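Here's the structure, in structure tokens; my notes come after.
Number of protein chains: 2
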Amino acid sequence: MTQARLIEVETAILSKNDSYAEGNRRVLNALEVFTVNLVSSPGSGKTTLLCETIRRLGDVPLAVIEGDQQTANDAERIRATGARAVQINTGKGCHLDAHMVGHALDRLRLRQGSFLFIENVGNLVCPAAFDLGEDCKVAILSVTEGEDKPLKYPDMFTASRLAILNKTDLAPHCDVDLDLYAANLKRVNPDIEIIALSARTGEGMDRWIDWLQARRDAKRAV
Amino acid sequence: MTQARLIEVETAILSKNDSYAEGNRRVLNALEVFTVNLVSSPGSGKTTLLCETIRRLGDVPLAVIEGDQQTANDAERIRATGARAVQINTGKGCHLDAHMVGHALDRLRLRQGSFLFIENVGNLVCPAAFDLGEDCKVAILSVTEGEDKPLKYPDMFTASRLAILNKTDLAPHCDVDLDLYAANLKRVNPDIEIIALSARTGEGMDRWIDWLQARRDAKRAV
Numbered sequence: 039m040t041q042a043r044l045i046e047v048e049t050a051i052l053s054k055n056d057s058y059a060e061g062n063r064r065v066l067n068a069l070e071v072f073t074v075n076l077v078s079s080p081g082s083g084k085t086t087l088l089c090e091t092i093r094r095l096g097d098v099p100l101a102v103i104e105g106d107q108q109t110a111n112d113a114e115r116i117r118a119t120g121a122r123a124v125q126i127n128t129g130k131g132c133h134l135d136a137h138m139v140g141h142a143l144d145r146l147r148l149r150q151g152s153f154l155f156i157e158n159v160g161n162l163v164c165p166a167a168f169d170l171g172e173d174c175k176v177a178i179l180s181v182t183e184g185e186d187k188p189l190k191y192p193d194m195f196t197a198s199r200l201a202i203l204n205k206t207d208l209a210p211h212c213d214v215d216l217d218l219y220a221a222n223l224k225r226v227n228p229d230i231e232i233i234a235l236s237a238r239t240g241e242g243m244d245r246w247i248d249w250l251q252a253r254r255d256a257k258r259a260v
Numbered sequence: 039m040t041q042a043r044l045i046e047v048e049t050a051i052l053s054k055n056d057s058y059a060e061g062n063r064r065v066l067n068a069l070e071v072f073t074v075n076l077v078s079s080p081g082s083g084k085t086t087l088l089c090e091t092i093r094r095l096g097d098v099p100l101a102v103i104e105g106d107q108q109t110a111n112d113a114e115r116i117r118a119t120g121a122r123a124v125q126i127n128t129g130k131g132c133h134l135d136a137h138m139v140g141h142a143l144d145r146l147r148l149r150q151g152s153f154l155f156i157e158n159v160g161n162l163v164c165p166a167a168f169d170l171g172e173d174c175k176v177a178i179l180s181v182t183e184g185e186d187k188p189l190k191y192p193d194m195f196t197a198s199r200l201a202i203l204n205k206t207d208l209a210p211h212c213d214v215d216l217d218l219y220a221a222n223l224k225r226v227n228p229d230i231e232i233i234a235l236s237a238r239t240g241e242g243m244d245r246w247i248d249w250l251q252a253r254r255d256a257k258r259a260v
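Sequence lines, in order, name chains A and B.
Residue numbers 39 to 260, in this note's numbering, belong to the letters of the first sequence in order.
Residue numbers 39 to 260, in this note's numbering, belong to the letters of the second sequence in order.
The following block contains the structure:
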């Protein structure tokens, strides 16, 4: 298979994905649902952050789509908070695509003005290329991962509107420089917003909750 | 594009990769080079582990192939130890393939009986499917990532001969259960070997160095 043929195949896959994503976006906009696509490496703490976010958002309508290669563990953790969650298992697949998400939307019966959180497969590469119909991607980095990650995986941070530096409670134990994280994030995406927090201790969680509520209110006001 | 067509394309890519991998393996076997394909999430500490490994192996011939989407930072870190290193940038790509590695081999001029370390792109999904011609894959998990990772990304741990639980110095700070990590690893791959270590403090490094030397000696004795 030649390189040209491979690129042609890739373009065809992405173009088909984009048309499904547009369909999802029409549904989500009609419902005034503010939708966040959470992307990160495996083990950045997405599910713990999401459980704590749901707890703090309190009595607002929301739902979750969970993506993993295998297991329904994360959807079960989310359901234990009382929130509705659908698990998608991608099997060999390395990312969620808009077609899978469309089927999950059909099952979720979203209420108008909800939040929808899509927890993507843990992968700092492939999910960057796939629009799911979301309002924005939010990239989560554990501070244990190292300050060079934005430079080494620039596509993901270019595609994201917000970067969360999670597990700040571990920062004192691993010689990490939060200013260098921020500088490297801005180097690949000058417009990216940054919130440092610890889902475990609660430090910084207020800023994230405020960010979410402001974004959802702005969407409803349009 | 239909599902059948996609699978056909994927099979063609993997089959072409396998033939390049066989070519690499013939070269590496002829040179009695013990080759390790290091796979993990971004931020598991592969490069730090590799620098410390090189330091401890001392005066033995070795070389390194570094894979990243962008930057030559890791190859520079390796070269600072005195070892030879070639950087491969995959651009949009999410894994190294055997064709790229073949070109790197041509540039490395390996000495007989060397170690070759291939540091793959940080990604717990896609590199599992691509044979590079290595003797074995070694999967590295940072203990901060969570005990469920082997269950959620089973392909990678099924494909690996050894799992390294890295950053054990952070274990006391993040409520991690090393026995549960081991149990989950064995659940997806009963044959997998496990070494817990901290490249930062040196704890457990001796076992890893002994493992490498024994494997290389076994290969040379064949």
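Where a beta carbon is used, it is the ideal one built from N, C-alpha and C, also for glycine.
Quantities reported herein were computed from a predicted structural model and do not represent experimental measurements.
- Taking C-beta atoms under 8 Å as the contact rule, V176/A and S198/A qualify, at a distance of about 6 Å.
- When DSSP states are grouped into helix, strand and coil, I230/A belongs to the coil group.
- Contact annotation: the segment 162-177 of chain B touches the segment 160-170 of chain A, with at least three C-beta pairs closer than 8 Å.
- Bridge pairing for A201/B: A177/B, I232/B [DSSP].
- Restricting attention to A209/B, H137/B, A201/B, the CA atom closest to the CA of A221/B is found in A201/B.
- In this structure the segment 127-145 of chain B does not touch the segment 238-245 of chain B; the number of beta carbon pairs closer than 8 Å is below three.
- Contact between P192/B and Q108/A holds, with the beta-carbon distance rounding to 5 Å and staying under 8 Å.
- Look at Q150/B here: in three-state DSSP terms it is coil, with no helix or strand label.
- When DSSP states are grouped into helix, strand and coil, Q107/B belongs to the coil group.
- Distance between N75/A and R254/A, taken at the CA atoms: about 14 Å.
- Annotated three-state conformation of T85/A is helix, per DSSP.
- In the displayed model, N75/B falls within a strand according to three-state DSSP.
- The alpha carbon of G131/A has as its nearest neighbour, out of A167/B, F72/B, E114/B, the alpha carbon of A167/B.
- Among the residues facing chain A, D169/B is not included, as its CB has no counterpart in that chain under 8 Å away.
- Proximity to A209/B across R238/B, L189/B, A136/B, K224/B peaks at R238/B, based on C-alpha coordinates.
- Within the segment 169-193 of chain B, the residues whose Cβ lies closer than 9 Å to some Cβ of chain A are L179, S180, T182, E183, G184, D186, K187, L189, K190, Y191, P192, D193, listed in chain order.
- Secondary structure at E157/B: strand, using DSSP grouped into helix, strand and coil.
- Where R122/A is concerned, the enclosing beta strand (DSSP E) starts and stops at 122-127.
- Rounded to the nearest angstrom, the Cβ distance from E172/B to T73/B is 4 Å, consistent with a contact under 8 Å.
- Taking 8 Å as the cut-off, the beta carbon of T119/A is found closer than this to the beta carbon of C89/A.
- Residues of chain B with a Cβ closer than 8 Å to the Cβ of N111/A are, in chain order, D186, L189, K190.
- Listed in chain order, the positions of the segment 90-115 of chain A with a beta carbon within less than 9 Å of a beta carbon of chain B are D106, Q107, Q108, T109, N111, D112.
- The beta-carbon distance between A121/B and L100/B, rounded to whole angstroms, is 6 Å. This is short enough to meet the 8 Å contact definition.
- With the criterion set as a beta carbon lying under 7 Å from some beta carbon of chain A, the members of the segment 64-79 of chain B are S79, in sequence order.
- For G151/A, the closest of K84/A, C212/A, H211/A, D97/A by C-alpha to C-alpha distance is D97/A.
- The criterion of a C-beta distance shorter than 8 Å is satisfied by A136/A and L170/A.
- Chain-order list of chain B residues neighbouring G242/A: empty, with the shortest C-beta distance near 17 Å, by a criterion of under 8 Å.
- In the three-state scheme derived from DSSP, where H, G and I count as helix and E and B as strand, L100/B is classed as strand.
- Contact between L66/A and L154/A holds, with the beta-carbon distance rounding to 7 Å and staying under 8 Å.
- Taking a contact as a CB-CB distance under 8 Å, the pair T85/B and R115/B counts as one, their CB atoms being some 6 Å apart.
- For H211/A, the C-beta contacts it makes with chain B under 7 Å involve L208, H211, in order along the chain.
- Apart from the 5 residues on each side of it in sequence, I230/B sits with its Cβ closer than 6 Å to the Cβ of A201, L223 in its chain, given in chain order.
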